[in-house]
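Protein chains in written order, with this note's numbering: chain A, 9 to 474; chain B, 60 to 361. For glycine and all other residues, C-beta sits at the position ideal for the given N, C-alpha and C. Remember, predicted model here, so these are calculated numbers, not experimental data. Structure record follows, encoded as structure tokens.
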Amino acid sequence: MSFKRKTLAAAIALALAAPLGAQAADSAELAQIHDEIRQMRQTYEARIASLEARLKQAETDARQAGSKADAAVSQAREAAATAAQPAPAHGGDNISAFNPGVSLILSGLYSNLSQDPAGYRITGFHLPSSVMGDVRPQRGFSLGESELGISANVDQLFYGAMNFSIHPDDTVSTEEAFIQTTTLPQGLTLKAGRFFSGIGYLNAQHAHTWDFVDAPLAYQAFLGGQFNNDGVQMRWLAPTDTFLEVGAELGRGANYPGTGRDKNGSGASALYAHLGGDVGASNSWLAGLSVLATSPQDRQWDDIDSAGATVTNSFTGNSRLWIADGVWKWAPNGDAHNTNFKLQGEYLRRVEDGSLTYNAVTPGAYSATQSGWYVQGVYQFMPYWRAGLRTERLDAGNVDYGVNNANLLRPDYAPSRNALMVDYNPSEFSRVRLQFAQDKSRQDVSDNQIFLQYQMSLGAHGAHNF
Amino acid sequence: MSNGILKFVFAAVLGSFAVPAFAALNILACEPEWGALAQELGGDKVSVYNATNAFQDPHHVQAKPSLLARARGADMTVCTGSQLEIGWLPILLRQTGNPKIQPGKPGYFEATKYVRMLEVPSSVDRSLGDVHPGGNPHIQTDPRNIALVADALAKRLAEVDPANSAYYQGNYKVFAERWKAAMAKWEKEAAPLRGMAIVVHHKAFAYLENWLGLNEVAALEPKPGVEPTSGHLAEVLAQLQRQPAKAVIRATYNDARASEWLAERAKIPVVVVPFTVGGSDRAKDLFGLFDDTVQRLLSALK
Chain A
9 MSFKRKTLAA
19 AIALALAAPL
29 GAQAADSAEL
39 AQIHDEIRQM
49 RQTYEARIAS
59 LEARLKQAET
69 DARQAGSKAD
79 AAVSQAREAA
89 ATAAQPAPAH
99 GGDNISAFNP
109 GVSLILSGLY
119 SNLSQDPAGY
129 RITGFHLPSS
139 VMGDVRPQRG
149 FSLGESELGI
159 SANVDQLFYG
169 AMNFSIHPDD
179 TVSTEEAFIQ
189 TTTLPQGLTL
199 KAGRFFSGIG
209 YLNAQHAHTW
219 DFVDAPLAYQ
229 AFLGGQFNND
239 GVQMRWLAPT
249 DTFLEVGAEL
259 GRGANYPGTG
269 RDKNGSGASA
279 LYAHLGGDVG
289 ASNSWLAGLS
299 VLATSPQDRQ
309 WDDIDSAGAT
319 VTNSFTGNSR
329 LWIADGVWKW
339 APNGDAHNTN
349 FKLQGEYLRR
359 VEDGSLTYNA
369 VTPGAYSATQ
379 SGWYVQGVYQ
389 FMPYWRAGLR
399 TERLDAGNVD
409 YGVNNANLLR
419 PDYAPSRNAL
429 MVDYNPSEFS
439 RVRLQFAQDK
449 SRQDVSDNQI
459 FLQYQMSLGA
469 HGAHNF
Chain B
60 MSNGILKFVF
70 AAVLGSFAVP
80 AFAALNILAC
90 EPEWGALAQE
100 LGGDKVSVYN
110 ATNAFQDPHH
120 VQAKPSLLAR
130 ARGADMTVCT
140 GSQLEIGWLP
150 ILLRQTGNPK
160 IQPGKPGYFE
170 ATKYVRMLEV
180 PSSVDRSLGD
190 VHPGGNPHIQ
200 TDPRNIALVA
210 DALAKRLAEV
220 DPANSAYYQG
230 NYKVFAERWK
240 AAMAKWEKEA
250 APLRGMAIVV
260 HHKAFAYLEN
270 WLGLNEVAAL
280 EPKPGVEPTS
290 GHLAEVLAQL
300 QRQPAKAVIR
310 ATYNDARASE
320 WLAERAKIPV
330 VVVPFTVGGS
340 DRAKDLFGLF
350 DDTVQRLLSA
360 LK
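Rendered as structure tokens:
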């Protein structure tokens, strides 16, 4: 093609040059020039034609050679088959070949609250001030929890992972940093380090996989949002076709509902069992029962006493939290791509007893049995689009302050919250969510909340739990 | 009386936890085509459980409790690899802690390791959609690949279960002969398909096209794994005015709307290929899969 273009360019150049000479030249000269151009064109066209023919021949040859080569390759493969393993995707001498998988979660949030979050509390539930900081909503723009995760197999025996969380106030915390065995026999898995406890359904899941912007009220009230622990975890998967998993954990228990401690031994223990399976091709379910026992020492919180004064109380004793959880997922023929539905609910019940020190001076007995639950349904009504509804309620239950009953309030109030969300997930790596909620955590206050959130995932493709 | 009820309940509970048979080699197949192949080669020495069915997009399966339970008891997993199962298989391997099926062990088998991969990207970037760094993972649409994988799988079965290695090799020989004859038949039948211009829903047919010489002119998904948009469909329709195609092809699990929309306007038929074993009534096994695929494609030419 480019030859034709060059011929044309040459002809045009000549044609342009010709008139300049033509002024001085006679018609014979002009005829001679025309003749030369014609000759030139003919030569070029002949050459192009021969080149085109040769090209065509070469193409046919190449195609034949290619198909011959293909045939040879497939023959060779069929004959020698799998004797030779292909080289790894990364060059063996490439130092980055062993780099762990890195995943980054970017999240941002805009919140519009009808009530001042400064006065936020969950009436009847005593949360330490550090936990309040995590649980209290923020107004305006903020960086949602962005996460950096690094993971890889350590060697033939261990897998390791670490997860940093960057909080809106620019602090960084280590959510998880653990090692885990990959090859223990008999369905056993041992994990050690810092990790989200396997209690309940939602606890072990990272915030970016939640179906709502915030954790359920019951998780906030009893676990400060999510419970992670430094310690060891042993899980056993039964050798049955029905999924049955039993787990046990021992740990430091430094986080709420536990407290930091300086002692040998363990400050938190957990035990749980999960059972799950399929119903036909379209339904899957998972249900579990868990218990978390901690022994908080001098767990402090700010409160307002019966005289209206701000006081600091503390609790030392035993805390036992029971969780019953259930999840049901439906997808036509098990293909969740177009439509699917997820129904999820958990019931948490906490029993605490020990001693309570009122305003740092007056000790007394303390016992409390409190509970809470949430139920949520999330429906993907078309590819990329999901809508969800969550309803939840806490029960302040029976609280006995012993000798301090006269000093401390025991409000007869059941905190509740309802939330509606719609999210758009253009790929499995990105999500934009709008959530409306009516939050009645505070007695006699109704906070109308609007959240707009994005959550994006970069890097290594993190597979998600059920 | 109450004793009887107790016994009944006890039996029912035990029954629901039926322990998988110990005699057979337990195989967890990630996709039905590999389940079918393992069954052909393993015969009654294996017990195969398919993690997915033909109506499920293997990219988007969840690490369901039932799959965790099956992975726990598996002596071997037979999967496609090339990151097709990356959204769920790593969880099965890590959570079950089953040492037999960890990568690198004989019990971990990836079919894509034994065939020549097509569409291997020179660079990967998620803005390009769901691209697989190892190449297009849908290798099962070319029976020549099935033959290569069959050979590798027979050897692997013998490695995992040496006591029955002669049995597996025997089954492989029988299968390979039958398969060779069947391929010759399909290739003869499919001769008229050579050069046939097609539109595909997902770029899932690279190997089928390579085998039969089909000419893919467009895909309904604007990028792999991205749902067809009305704008992109209109572009494809306009393209078909200039460069007509004979049919729109989609797998059983692909949503029908996009292909139906285009087919109606471009006045070409939709061919729903079974894509894997179980994807149609006739695709009962691997032979039926290709019998049906070739026949359905041929019917579009009529």
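Item: For the alpha helix (DSSP H) that contains L296 of chain B, what are its first and last residues?; Value: 289 to 301
Item: Is T51 of chain A helix, strand or coil when you go by DSSP?; Value: helix
Item: By the 7 Å beta-carbon criterion, what residues does the region 136 to 148 of chain B contribute toward chain A?; Value: I145, G146, W147
Item: Using a threshold of 8 Å, state whether the C-beta atoms of V299 of chain A and R260 of chain A are closer than that.; Value: no
Item: Within 10 angstroms of the Cβ of H216 of chain A, are there 16 or more other Cβ atoms? Answer buried if so, exposed if not.; Value: buried
Item: Would you say the region 237 to 249 of chain A touches the region 194 to 202 of chain A, given that touching needs at least three Cβ pairs under 8 Å?; Value: yes
Item: List, in chain order, every chain A residue whose beta-carbon is nearer than 9 Å to that of L127 of chain B.; Value: L245, F251, E253, G284, F474
Item: Just the Cα atoms here: how many angstroms apart are N195 of chain B and M48 of chain A?; Value: 51 Å
Item: What is the rounded straight-line gap between the Cα of R85 of chain A and the Cα of W238 of chain B?; Value: With a pLDDT of 48 at R85 of chain A, under the threshold of 50, the modelled position of that residue is not reliable, and the figure given next carries that caveat. Computed Cα separation, rounded: 16 Å.
Item: Alpha carbon to alpha carbon, how far is V139 of chain A from Y128 of chain A? Give it in angstroms, no decimals.; Value: 12 Å
Item: Based on DSSP bridge pairs, tell me the residues matched to W309 of chain A.; Value: A:N321
Item: Can you give, in chain order, each stretch of the beta strand (DSSP E) that sits fully within the region 117 to 178 of chain A and has at least 3 residues?; Value: 148 to 151, 154 to 161, 166 to 174
Item: Around the Cβ of L294 of chain A, are there at least 16 other Cβ atoms within 10 angstroms (buried) or fewer (exposed)?; Value: buried
Item: Leaving out five residues before and five after L348 of chain B in sequence, what residues of the same chain have Cβ atoms less than 6 Å from its Cβ?; Value: P333, V336, A342
Item: Could you check whether the Cβ of P96 of chain A sits closer than 8 Å to any Cβ belonging to chain B?; Value: Note on P96 of chain A: pLDDT 43, under 50, position unreliable in the model; the coordinate value appears next. So, not an interface residue.
Item: For the region 365 to 393 of chain A, list every residue whose C-beta sits within 8 Å of some C-beta in chain B, in sequence order.; Value: P391, Y392
Item: Just how far apart, CA to CA, sit K247 of chain B and S358 of chain B?; Value: 15 Å
Item: Hey, is F189 of chain A's beta-carbon within less than 8 Å of any beta-carbon in chain B?; Value: It is Thr, not Phe, that sits at residue 189 of chain A in the sequence shown. Yes, T189 of chain A lies at the interface with chain B (some Cβ there is under 8 Å from its Cβ).
Item: So, with DSSP's three-state summary, where would you put Y209 of chain A?; Value: coil
Item: Measuring straight from C-alpha to C-alpha, what distance separates E268 of chain B and G229 of chain B?; Value: 32 Å
Item: With 8 Å as the threshold, decide whether the Cβ of Y432 of chain A is near any Cβ in chain B.; Value: no
Item: State the Cα-Cα distance for the pair M170 of chain A and I158 of chain A, rounded to the nearest angstrom.; Value: 5 Å
Item: Quick one: complete beta strand (DSSP E) runs, 3+ long, within the region 90 to 139 of chain B?; Value: 105 to 109, 135 to 138
Item: Could you tell me the distance, in whole angstroms, from the CA atom of L402 of chain A to the CA atom of P108 of chain A?; Value: 42 Å
Item: If I follow the unbroken beta strand (DSSP E) through M302 of chain A, where does it start and stop?; Value: With the sequence shown as reference, residue 302 of chain A is identified as Thr, and Met is not the correct amino acid for it. Per DSSP, T302 of chain A belongs to the beta strand (DSSP E) from 291 to 302.
Item: Just mark V143 of chain A as buried or exposed, buried being the case when its beta carbon has 16 or more other beta carbons within 10 Å.; Value: buried
Item: Assign H134 of chain A to buried or exposed, taking buried as 16 or more other Cβ atoms, counted over all protein chains shown, within 10 Å of its Cβ.; Value: buried
Item: If D361 of chain A sits next to G325 of chain A, beta carbons under 8 Å apart, how far is it from one beta carbon to the other, in whole angstroms?; Value: 5 Å
Item: Given that a residue counts as buried once 16 or more other Cβ atoms are within 10 Å of its Cβ, and exposed if not, what is A95 of chain B?; Value: buried
Item: With a Cβ-Cβ cutoff of 8 Å, do T200 of chain B and T171 of chain B count as a contact?; Value: no
Item: Given a threshold of 16 other Cβ atoms within 10 Å of its Cβ, counted over all protein chains shown, does A278 of chain A qualify as buried or as exposed?; Value: buried
Item: Is there contact here, the region 131 to 149 of chain B with the region 264 to 273 of chain A, by at least three beta-carbon pairs under 8 Å?; Value: no
Item: Does DSSP put Q161 of chain B in a helix, in a strand, or in coil?; Value: coil
Item: Could you check the C-alpha separation between A315 of chain A and T365 of chain A for me, to the nearest Å?; Value: 17 Å
Item: With distances taken from CA atoms, which of A:R269, A:L231, A:Y280 is nearest G255 of chain A?; Value: A:Y280
Item: Residues of chain B with CB under 8 Å from N346 of chain A, in chain order?; Value: D314
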